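Chains as they are written, first to last, in the working numbering: chain A, 13 to 311; chain B, 13 to 311.
By construction, the Cβ of each residue, glycine as well, lies at the ideal position given by its N, Cα and C atoms.
All values reported here derive from a predicted model rather than from experimental measurement.
Only one structure is covered here, and it is reproduced in the block below.
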């Protein structure tokens, strides 16, 4: 199953370089191989205070909030979740190759006290020091990489960093003007709409269960909104994991984007030396980089 | 509804430049506005001999074959359709943010006579002269543009042109070695997997009904294959439009990629001057370019 020995002193990187055990021939190493050989310390466990459970009739969507990058929206969304603001609402829009969206379309619910709309298109002032730059080129940003584990762009002239609209990212819908609160949420379910970068506050990403969003029937109205004859998917609840009893949580670990295994995954996905590939792309788009998650072995 | 007058001498381009009727102010013009103002001659009607109807229980998926670019695969797929090869098979794989695939998983059906496997990763020898180059940069190809209306890449050193793995593109699945016949087909339902370019023969694209593919329940097996406990979506039939009575066809027109309206759409989608956008990206990824289709007005 795996082309690398499961225990080598210098770990996964050696396998990827094809230098293990005296052979100079490049060995095909899959992402699954690399993850199997990863170290426990290469995985992080997001704080339950930053995890949302979007409960749908068919199951649970696990979302990690980018609480450091967009503090006002994160605070709002946590307050909204605690006030049960989203419970009993519905997915009101599903536009193919674009987004699904859920909010109080009829504007009947009052926002809980303390919710403050703001413009958080750009990440917090400290983001520049946390940005992990990749060598990869990009069309929409001068630099790309990761911020707190989320795909991000950066402008080296302004030192601004922003989250990027990759598949599975979650954002705060807004009208015009630019402010948003987080009471309207959407998830990207199509080709990365990077033109939205710096135009919307992204608030996190789906770690698990994105297919529960990507498979909902598309709305036939303008922009994928449902018409009166269509039945939207109801939202059972949106809760913080920290507000759910520990026995009911979904344990999850995320591969650190500053780990050796993540670098090896990236290299594999740029080069694709496995025999099936006849042409090695040698490049990778930010939004084609896998961001592995796993259920801890003890569960 | 529309920011442009519906009849102006020089047409849509003038509106897009914001120069219509003496105003120098840029007017927001949506893609819908631009299409509304298009000329009839800017639309093409694909030949029914190049259109496939993939009939699923929930409806019809309309696929245009890239018959010029990949002649051997197109001939094979037409022969397979005429032999009812796909009828009664099923979607056997649905991998989130990647592809759905349909073929004879159990290898019980014989291929009709005349099917010849080949490697058509690169388009036909005449493709270089038909390639419409865009000014836009790309990560995966030195040049990008359109070939016969399909998104494509080009290498100016080798003059090779190939179809690009954008959302809704349809390809010929293969094992290793590299040959494929078209008896295994897949459609892209996620972020453009451009690493597959030049590694698989793309055979066409979905013009209509892609949501019937993108919303199927994902398989829980490896690579999105269905496990024994899951119920795949059956394929009622896969037919050529030319083999269907005219009264049962789905009339469809495709905006020409060499038309003024298409250029205006592209410019709008690069610049996004509508008020909602606070930041103009100024660039566009090949796979974010809309390829408009419509039902002719007479139907």
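TODO: Measure the C-alpha to C-alpha separation of residue 95 (chain B) and residue 124 (chain B) and round it to an integer number of angstroms.
DONE: 7 Å
Open item on the list: Run through the DSSP bridge pairs and tell me what residue 181 (chain B) is partnered with.
Closed with: B:217
TODO: Could you spell out the range, first to last residue, of the beta strand (DSSP E) harbouring residue 172 (chain B)?
DONE: 172–175
TODO: Please check if any C-beta of chain B sits within less than 8 Å of the C-beta of residue 366 (chain A).
DONE: Since the first and last residues shown for chain A are 13 and 311, residue 366 (chain A) lies out of range.
Open item on the list: Under DSSP, the alpha helix (DSSP H) around residue 226 (chain B) begins and ends at which residues?
Closed with: 222–226
Task: In chain order, each alpha helix (DSSP H) run of at least 4 residues that lies wholly inside the segment 236–309 of chain B - done: 272–283
Open item on the list: Check whether chain B comes within 8 Å of residue 124 (chain A), counting only Cβ atoms and requiring the distance to be less than that.
Closed with: no
Open item on the list: In the DSSP output, what is residue 200 (chain B) paired with across the bridge?
Closed with: B:111
Open item on the list: If we require 4 or more residues per run, which alpha helix (DSSP H) segments fall completely within the segment 92–169 of chain A?
Closed with: 139–142
TODO: Look up residue 71 (chain B) in the DSSP assignment and give the residues it is bridged to.
DONE: DSSP lists B:68 as partners of residue 71 (chain B).
TODO: Could you check the C-alpha separation between residue 174 (chain A) and residue 211 (chain A) for me, to the nearest Å?
DONE: 10 Å
- [ ] Pull up the DSSP beta-bridge partners for residue 77 (chain B), would you.
- [x] B:216
- [ ] Could you tell me the distance, in whole angstroms, from the CA atom of residue 69 (chain A) to the CA atom of residue 129 (chain B)?
- [x] 45 Å
TODO: Could you name the residues of chain B that residue 205 (chain A) contacts, counting a contact when the two beta carbons are closer than 9 Å?
DONE: 300
- [ ] Grab the span of the alpha helix (DSSP H) containing residue 48 (chain B) for me, first residue to last.
- [x] 43–48
TODO: Report buried or exposed for residue 181 (chain A), applying the criterion of at least 16 other Cβ atoms within 10 angstroms of its Cβ.
DONE: buried
- [ ] Answer with yes or no whether the minimum CB distance from residue 228 (chain A) to chain B is below 8 Å.
- [x] yes
Open item on the list: Between the alpha carbons of residue 36 (chain A) and residue 49 (chain A), how many angstroms are there, rounded?
Closed with: With a pLDDT of 42 at residue 36 (chain A), under the threshold of 50, the modelled position of this residue cannot be trusted; read the value that follows with caution. Those two C-alpha atoms are separated by around 20 Å.
Task: Neighbour flag for residue 222 (chain B) against chain A, beta carbons, 8 Å - done: yes
TODO: Report the neighbours of residue 47 (chain B) on chain A: residues whose CB is nearer than 8 Å to its CB, in chain order.
DONE: Chain A residues near residue 47 (chain B): none, gap ~14 Å exceeds 8 Å.
TODO: Give, in chain order, every residue of the segment 276–300 of chain A whose Cβ lies closer than 8 Å to some Cβ of chain E.
DONE: The structure shown contains no chain E; its protein chains are A and B.
Open item on the list: Taking a contact to mean a Cβ-Cβ separation below 8 Å, would you say residue 64 (chain A) touches residue 75 (chain A) in this structure?
Closed with: yes
TODO: Would you decide whether residue 157 (chain A) is buried or exposed? Buried here means 16 or more other CB atoms lie within 10 Å of its CB.
DONE: buried
- [ ] Mind listing the chain A neighbours of residue 179 (chain B)? Cutoff is C-beta to C-beta under 8 Å, in chain order.
- [x] 109, 202 and 203
Task: Beta-carbon neighbours of residue 188 (chain A), restricted to chain B and to distances below 7 Å - done: 287 and 288
Open item on the list: Output needed for residue 43 (chain B): all residues of its chain with C-beta closer than 8 Å, excluding positions within five of it in sequence on either side, in chain order.
Closed with: 277, 280, 281, 302 and 304
Open item on the list: Does chain A have any CB closer than 8 Å to the CB of residue 151 (chain B)?
Closed with: yes
Open item on the list: Suppose contacts are defined by Cβ-Cβ distances below 8 Å. Is residue 219 (chain B) in contact with residue 264 (chain B) by that definition?
Closed with: Cβ distance < 8 Å, so residue 219 (chain B) and residue 264 (chain B) count as in contact.
Open item on the list: With H, G and I counted as helix, E and B as strand and the rest as coil, what does DSSP make of residue 82 (chain A)?
Closed with: Residue state for residue 82 (chain A) is assigned as coil, using DSSP reduced to three classes.
Open item on the list: Can you check which of these residues, B:298, B:161, B:306 and B:194, is closest to residue 154 (chain B) by C-alpha distance?
Closed with: B:298
Open item on the list: Please classify residue 132 (chain B) as buried or exposed, where buried requires at least 16 other C-beta atoms within 10 Å of its C-beta.
Closed with: buried
Open item on the list: Is residue 210 (chain B) close to chain A? Criterion is C-beta to C-beta, closer than 8 Å.
Closed with: With 8 Å as the cut-off, residue 210 (chain B) counts as an interface residue toward chain A.
Open item on the list: Rounding to the nearest angstrom, what Cα-Cα distance links residue 203 (chain A) and residue 110 (chain A) in this structure?
Closed with: 7 Å
Open item on the list: Do residue 88 (chain B) and residue 205 (chain A) count as a contact pair if the criterion is CB distance below 8 Å?
Closed with: Between residue 205 (chain A) and residue 88 (chain B), the C-beta spacing is not below 8 Å.
- [ ] Ignore the nearest five residues each way along the sequence and tell me which others in residue 198 (chain B)'s own chain have a CB closer than 6 Å to its CB.
- [x] If you ignore the 5 residues before and after residue 198 (chain B), its C-beta comes within less than 6 Å of the C-beta of 111, 113, 183 and 185, all in its own chain and listed in chain order.
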